[in-house]
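Residue numbers (the working numbering): 1 to 287.
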């Protein structure tokens, strides 16, 4: 099958909403390939998706949202991939707004706005992650974790090996594309809502820490100096200040000051080495 557009919907126990989502997608995009990846559901999600007209790929057990996304990418035929959740929070009717920007960008993200009906706790967590991502990428990111997005298949496949099996695939692919220099666009969508049925499977504290860890891992692959340079500068400045204090007050040099300076220098050198390794890795991937 060779199509221009594939819509990938990861789903886990979304029987109440998946059928409606698939039918709405098909109503908006009649020629699109619609793939539902059933991530080990036990409530008949796969059957509902099939009845609604989707191509269904089932995991034998629950692996994770990111794993379902990767499975969908491997089976997709479209040159452009659209991702949305199966719980009803991403309106399929807004897909054309994302596709309208795909001519100039490699990825277009449906960004939540202040008018979006999203829980305050998740908004606060998303804001914290965005602050970290803004520094690490050097760009202003309106929404880092939205799962409603369109992306060129070749770009998604390029970074597929970086994606985790859990809920943080949007953060990973966003940072990966930005650090690799690919153009990304955000489309504000106030229509994005809370999940319509059931309970969210995200554990805020656990998955929030996992998001930060994954962001740091991606930066280590693309721009390690963003981490190591400020750390080494802080250590060197702290060591220099401590050294000056020891000389003025005690007329002596303490071991702690020298140790801090040495660790700061070694941290800088380690970051420089990691940056060279990341550069070599990018060259090998391009070849």
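Glycine included, C-beta positions come from ideal geometry on N, C-alpha and C.
In terms of Cβ geometry, residue 7 and residue 33 form a close pair [threshold 8 Å].
Annotation: the continuous beta strand (DSSP E) that includes residue 151 extends over 149-152.
Per DSSP, residue 92 has no beta bridge partner at all. Around the beta carbon of residue 14, 16 or more other beta carbons sit within 10 angstroms, so the residue counts as buried. Here residue 134 is exposed. Its C-beta has fewer than 16 other C-beta atoms within 10 Å.
With a contact defined as Cβ atoms closer than 8 Å, residue 75 and residue 57 qualify at about 6 Å. Taking a C-beta distance under 8 Å as the contact criterion, residue 54 and residue 82 do not qualify as a contact pair.
Cβ-Cβ distances below 6 Å link residue 91 to 191 in the same chain, with the five nearest sequence neighbours on each side left out; the list follows chain order.
Taking 8 Å as the cut-off, the Cβ atoms of residue 131 and residue 171 do not count as close. A straight-line Cα-Cα distance of about 25 Å links residue 146 and residue 30. Judged by DSSP secondary structure, residue 112 falls within the beta strand (DSSP E) whose first and last residues are 107-112. In this structure residue 228 is not in contact with residue 266, their Cβ atoms being roughly 10 Å apart against a cut-off of 8 Å. In the DSSP annotation of this structure, the continuous segment of the beta strand (DSSP E) that includes residue 55 starts and ends at 55-59. Restricted to the stretch 202-282, the alpha helix (DSSP H) segments that are unbroken, complete and at least 4 residues in length are 204-222 and 225-245, listed in chain order. Measuring C-alpha to C-alpha distances from residue 47 to each of 164, 271, 11 and 279 identifies 11 as the nearest. When rounded, the separation of the alpha-carbon atoms in residue 242 and residue 220 is 30 Å. The continuous beta strand (DSSP E) containing residue 38 extends over residues 33-39. In the same chain as residue 186, and ignoring 5 residues on each side of it, the C-beta atoms closer than 7 Å to its own belong to 109, 111, 142 and 143, in chain order. If you look at residue 171, you'll find it isn't in any beta strand (DSSP E); it sits in the alpha helix (DSSP H) that goes 169-180. The closest CA to that of residue 244, considering only 235, 233, 257 and 234, is found on 257. For residue 100, the three-state secondary structure derived from DSSP is coil. If you check the CB distance, residue 106 and residue 151 come in under 8 Å. In the DSSP annotation of this structure, residue 21 is not part of any beta strand (DSSP E); the continuous alpha helix (DSSP H) holding it starts and ends at 15-28. The criterion of a C-beta distance shorter than 8 Å is satisfied by residue 137 and residue 179.
When the beta-carbon positions are compared, residue 181 and residue 224 stay at least 8 Å from each other. Taking the Cα of residue 209 as reference, the smallest distance to any Cα among 168, 230 and 184 is reached at 168. Boundaries of the alpha helix (DSSP H) around residue 46: 45-52.
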